[in-house]
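Some notes on the structure that comes next.
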Amino acid sequence: MPTSLNAQVFELDYDREIERICQGMRDYNRRYRRRGAVVAMSGGIDSSVCAALCTKAFGPERVQALLLPEQDSSQASSSLGGMLAEYLGLDYIATDLSPTLEAIGCYRWRDEAIRTLFPDYRPEWKIKIAISGGTKGGFHYFRLIVQSPDGKLHEKRLPHKAYLQIVAATNFKQRIRKTIEYFHADRLNYSVIGTPNRVEYDQGFFVKNGDGSADIKPIAHLYKTQVYALARHMGLPEAICTTTPTTDTYSLPQGQDEFYYALPYDKMDLALWAHNHGVAAERLAEALDIGVEQAELVYADIEAKRSTTRYLHSRPVLVEDVTELPTP
Amino acid sequence: MSQVKTAVKEYISENFLMWQSDMELGDDTSLLDLGLLDSTGVIELVSFLEDEFGIQVEDEEITPENLDTLNKICSYVSRKTA
Chain A
1 MPTSLNAQVF ELDYDREIER ICQGMRDYNR RYRRRGAVVA MSGGIDSSVC
51 AALCTKAFGP ERVQALLLPE QDSSQASSSL GGMLAEYLGL DYIATDLSPT
101 LEAIGCYRWR DEAIRTLFPD YRPEWKIKIA ISGGTKGGFH YFRLIVQSPD
151 GKLHEKRLPH KAYLQIVAAT NFKQRIRKTI EYFHADRLNY SVIGTPNRVE
201 YDQGFFVKNG DGSADIKPIA HLYKTQVYAL ARHMGLPEAI CTTTPTTDTY
251 SLPQGQDEFY YALPYDKMDL ALWAHNHGVA AERLAEALDI GVEQAELVYA
301 DIEAKRSTTR YLHSRPVLVE DVTELPTP
Chain B
1 MSQVKTAVKE YISENFLMWQ SDMELGDDTS LLDLGLLDST GVIELVSFLE
51 DEFGIQVEDE EITPENLDTL NKICSYVSRK TA
């Protein structure tokens with residue numbers, strides 16, 4: 001184990017890692033007779049690196065890139081995604097999900113829940129959900145932040161029913177995206193790539209049967225810091241290598257740490273690594289320049305999220321094994 | 001048992017401990033240790049307390065000191081309704 005607790009713990013032999021990942025993806029496709037890969041590109045670092053890895057593993061002619069924005073996506077996300085697809089030489093299809101999401105009730109259900117807190121809310125207002133509480137020794141809870149057209153921000157704690165309804169409604173976005181991805185995978189006989197990094201996968205930051213669904217998750221074992229390093233190692237454009245992680249799910253800009261994690265991604269990376277390697281909270285506190293009590297809370301939060309998101313990782317349960325089937 | 005404790009215990013049993021009828025919730029059993037109070041569990045409990053007892057739970061009051069056990073919840077509600 002490295003003696004210092006800093007970004008050096010994430011150092012990897014990146015050439016070897018790229019080859020290992022590409023081999024793993026090719027093995028999957030050989031086993032299941034898939035001829036290529038479908039990657040939905042958000043313009044973020046994870047999907048960008050996955051697209052680059054697929055390009056290396058299968059060749060650009062066997063990668064179908066998808067841009068799947070909806071009305072709340074940032075313009076920058078689609079632009080970056082399209083730019084990278086062109087950079088990698090990928091064919092890409094852009095599909096605006098807004099009409100589908102409108103038809104299925106995503107925005108209507110979400111807005112109905114928002115109006116239980118802000119009766120004047122209109123669809124043109126911007127919104128986001130922010131996590132509060134946990135790192136100060138209290139429980140986590142969520143706040144709804146809305147911005148009226150005059151730019152004024154309004155904020156209220158989310159009660160249980162409204163929170164669940166807003167999240168359930170916005171989960172349509174990830175699930176409809178995945179439906180489109182599998183449409184193209186079926187059409188082309190390709191596999192679908194899931195793009196979570198290790199922190200997202202470990203901490204359950206995904207939607208079950210939404211972005212959590214995939215055939216291959218090539219970077220789920222890599223810390224986000226390593227994903228950024230991989231992007232640089234593969235020579236991806238600077239705009240991709242410096243992109244800030246966002247959820248791109250709500251209309252107001254929202255960092256992942258603001259919605260879900262106890263810390264910004266680079267600190268969260270180090271905290272998860274430290275926790276996984278049995279590093280004492282005192283050492284983590286020193287490395288992150290935070291109090292020991294906060295470091296202990298971060299560790300507790302990691303375990304709490306693992307526990308509460310077990311359901312997301314669970315597979316369908318059979319009452320009895322059907323033993324005649326071959327191992328998947 | 002006080003009316004508050006009865007109501008809270010019934011609510012927790014019906015909503016957090018369903019399918020676990022063999023589990024007896026003690027007055028000082030930690031809901032955190034039982035894994036019942038994740039972020040959605042907490043806001044569900046808070047919504048219940050606000051609706052049931054007509055209190056306003058402030059953000060800074062959403063702490064284990066106030067909400068982690070039946071006894072702590074009862075003390076907290078008593079203070080708020082006093």
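Residue numbers (my numbering), protein chains in the order written: chain A, 1 to 328; chain B, 1 to 82. The beta-carbon is built from N, C-alpha and C at its ideal position, and this holds for glycine as well. Quantities reported herein were computed from a predicted structural model and do not represent experimental measurements.
query	result
On the premise that A:THR170 lies in contact with A:ARG115, defined as a C-beta separation below 8 Å, what is that separation, rounded to the nearest angstrom?	Contact doesn't hold; Cβ gap of about 15 Å is too wide.
Cβ of A:ARG157 versus every heavy atom of the ligand SAH: is any distance shorter than 6 Å?	Inclusion of the ligand SAH in the displayed structure is not the case, the ligand content being empty and no account of it being possible.
Please report whether the beta-carbon of A:HIS154 lies at a distance below 7 Å from any beta-carbon of chain B.	no
Given this structure, state the Cα-to-Cα distance separating A:GLU181 from A:ILE166, to the nearest angstrom.	24 Å
Closer than 8 Å is the cut-off here; do at least three beta carbon pairs connect the stretch 38 to 46 of chain B with the stretch 146 to 160 of chain A?	yes
Count the other CB atoms within 10 Å of the CB of A:TRP273; is the residue buried (16 or more) or exposed (fewer)?	buried
Just how far apart, CA to CA, sit A:GLU320 and A:THR327?	15 Å
Is there a Cβ of chain A sitting closer than 7 Å to that of B:SER30, yes or no?	no
List the residues of chain A whose Cβ lies closer than 7 Å to the Cβ of B:GLY54, in chain order.	Simply none; closest approach about 15 Å.
Buried or exposed: B:ASP22, going by 16 or more other Cβ atoms within 10 Å of its Cβ?	exposed
So which residues on chain A does B:ILE62 lean against when the C-beta distance must stay under 7 Å?	GLY133, GLY138, PHE139, TYR141
Please state if the CB of A:ALA40 and the CB of A:PHE58 are separated by a distance shorter than 7 Å.	no
Taking the alpha-carbon of A:ASP335 as reference, which of A:VAL146, A:LYS217, A:LEU101, A:THR95 has the nearest alpha-carbon?	The requested residue 335 of chain A does not occur in the structure, where chain A is confined to residues 1 to 328.
Determine the chain A residues that contact B:THR47 at a beta-carbon separation under 8 Å, and present them in chain order.	Contrary to the premise, residue 47 of chain B reads as Ser rather than Thr in this sequence. The contacting residues are PRO159, HIS160, LYS161.
Consult DSSP for A:HIS221 and reduce its assignment to one of helix, strand or coil.	coil
Pull out every residue of the stretch 16 to 44 of chain B whose Cβ sits closer than 8 Å to any Cβ of chain A, in chain order.	GLY35, LEU37, ASP38, SER39, THR40, VAL42, ILE43, GLU44
Terminal residues of the continuous beta strand (DSSP E) containing A:LYS369?	Any question about residue 369 of chain A goes unanswered here, given that chain A covers just 1 to 328.
Quick one: list the residues of chain B neighbouring A:ALA304, beta-carbon separation under 7 Å, in chain order.	ASP38
With a 10 Å radius around its C-beta and 16 neighbouring C-beta atoms as the bar for buried, classify A:LEU325 as buried or exposed.	exposed
Listing by chain order, which chain A residues have their CB less than 8 Å from the CB of B:LEU67?	PHE139
Quick one: any contact between the stretch 76 to 88 of chain A and the stretch 264 to 282 of chain A, if contact means 3 or more CB pairs under 8 Å?	no
State the start and end residues of the unbroken beta strand (DSSP E) segment that holds A:PHE142.	141 to 147
Which residues in the same chain as A:VAL227 place their Cβ atom closer than 7 Å to its Cβ, once the five residues preceding and following it in sequence are excluded?	ILE45, ASP46, VAL49, ASN197, ILE219
Could you check how far apart the C-beta atoms of B:LEU32 and B:LYS9 are, in whole angstroms? I think they sit under 8 Å.	Actually they do not touch by this definition, with Cβ atoms about 17 Å apart.
In whole angstroms, give me the CA-to-CA distance for B:ASP59 and A:LEU284.	28 Å
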